[in-house]
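A.B. asks:
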Amino acid sequence: MKTTMRQIVMEGPGKSRVMEVPVPQIGKGELLVRVTLSGICHSELYPWMTAKKGDTLGHESVGIVEKVGEGVEAFRPGDRVTGLGGGAFKEYIVMQAEKTVHVPDCLKDEDAISEPLACMLSAAMKLPIETLGDPVAVVGCGYMGLGMISLFRAMGYGKITAIDKRPEALENALRFGATEVFTPDTIPEEYIMTFDTMGKVDLSRDGDNAPLFAMGCPTVMEFTGTQDGLQLAGDLVRAHGRLGIGGYHNDGPRSINYMLWNFKAITTINCHERRISYEARLCQRCIDLLAGGQWNFKGVTRVYDMEEFDRANEEMAAHTNNYIKGAIRCSTYGNGGF
């Protein structure tokens, strides 16, 4: 077996190179996995833009088991796997067996990158449906937003309103299960609940007759990661509604109109997941749902070579030509469709 491998290493802001580094060693309970594809995550766009020399990125891997460590019984060399950990923009990674799941033959590599799928499922479970057919709105129809739309459809939500600035994103939203789509400037007024749209409210009136409950959306999922997207999502929530915040807001602080949110008595839910063992279990659940046909979601639209990493990030930022999600090809065998 080779002793060195190729890895993407940052040279500085927005500039990377592929270099040779030693193949990592594994210990007890670990797997050496040859990475076939590694997903490009929007959460790492800002770190790529502000990178320092020597920084490494990547955390969405699928690949082939090359070697198993002591005590590993559930995996053997040649198994196709996905899961959490290892750092993925390189040929070989070390994965802990307890955070790794098998990929069935019916799924292609690009459809089995489980880490972002597990993040979506975790977010969806934080916004459980109350009654079959309930309405929901999704602000931001990139890869994560589209995945949420398809999950909400599988969960039994009824009217699914999708909102995005890009017409092609809204076309994708309809394809993944949205029932109606709007750009921010075409949203019907009755969907927006702000001090301007609700007017003067008589707080002595109770029940669904009050304007507080006749405007806005009961459940809103935000997946933009931007200031204006977060503000719009908050404006959409009706009184005593729920706002799920799933966008990765890592490029600076955010300002919100908490006077409005407080007045509407909305519930805000942080839809990120930091319980690693739980997310590892969700990786398995996502693979099961996809393989069983309960969740129909395929979002990777472009695969790049390692030397194209910087261009891949530029195209992720631009989101043009029907870009949904990209992945880096780190080795040449597997069950990929590109």
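321 is the number that our numbering gives to position 145 of the sequence shown; each next residue is one higher, with no gaps.
Idealized CB from N, CA, C, for every residue including glycine.
Note that the structure is a prediction, hence the values are computed from the model and not measured.
Are I289 and T258 closer than 9 Å when you measure CB to CB?
C.D. replies: yes
A.B. asks: Where P200 and S219 are concerned, what is the direct C-alpha to C-alpha distance, given to the nearest angstrom?
C.D. replies: So the two alpha carbons sit approximately 25 Å from each other.
A.B. asks: How many Å lie between K229 and M186 at the Cα?
C.D. replies: 5 Å
A.B. asks: If you draw a straight line from the alpha carbon of T402 to that of M301, how long is it in whole angstroms?
C.D. replies: One Cα belongs to T402, the other to M301, and the distance between them is close to 23 Å.
A.B. asks: Considering Cα atoms alone, identify which of S453, E455, E398, R451 is closest to T444.
C.D. replies: E398
A.B. asks: My guess is that G475 and I216 are in contact by the Cβ rule of under 8 Å, so how many angstroms apart are they, rounded?
C.D. replies: Actually they do not touch by this definition, with Cβ atoms about 12 Å apart.
A.B. asks: Taking C-beta to C-beta, are I134 and Q470 nearer than 9 Å?
C.D. replies: Only positions 177 to 514 of the chain appear in this structure, which leaves residue 134 out of reach.
A.B. asks: Once the 5 residues before and after M331 are set aside, which same chain residues still bring their CB inside 7 Å of it?
C.D. replies: A300, I305
A.B. asks: Secondary structure at F352, three-state DSSP: helix, strand or coil?
C.D. replies: coil
A.B. asks: What do you get for C459, buried or exposed, if any count of 16 or more other CB atoms within 10 angstroms of its CB means buried?
C.D. replies: buried
A.B. asks: Got a sec? Which residues, its chain only, sit under 8 Å from G417 by beta carbon, not counting five neighbours each side?
C.D. replies: G392, C393, P394, T395, V396, K440, I442, T443
A.B. asks: Since I believe G334 is in contact with P311 (beta carbons under 8 Å), could you give me their beta-carbon distance rounded to a whole number of angstroms?
C.D. replies: With a beta-carbon spacing of about 6 Å, P311 and G334 fall inside the 8 Å limit used to define contacts.
A.B. asks: For K440, name the three-state secondary structure that DSSP assigns.
C.D. replies: helix
A.B. asks: Taking only runs of the alpha helix (DSSP H) that begin and end inside the stretch 301-364, which ones reach a length of at least 4 residues, in chain order?
C.D. replies: 319-331, 343-351
A.B. asks: Residues bridged to Y480 by DSSP?
C.D. replies: In the DSSP secondary-structure assignment, Y480 is bridged to I504.
A.B. asks: What do you reckon, are the CB atoms on L208 and V241 nearer than 9 Å?
C.D. replies: yes
A.B. asks: Within this structure, are the beta carbons of F485 and F265 separated by less than 9 Å?
C.D. replies: yes
A.B. asks: Can you list, in chain order, the residues of its chain whose CB lies under 7 Å from that of P189, leaving out five sequence neighbours each side?
C.D. replies: The beta carbon of P189 lies closer than 7 Å to those of M225, T226, A227 in the same chain, with the five residues before and after it left out.
A.B. asks: Excluding the 5 residues preceding and the 5 following I368 in the sequence, name in chain order all residues of the same chain whose CB lies nearer than 8 Å to its CB.
C.D. replies: M391, G392, D411, L412
A.B. asks: Count the other CB atoms, across all protein chains shown, that sit within 10 Å of the CB of D281; report buried if there are 16 or more and exposed otherwise.
C.D. replies: exposed
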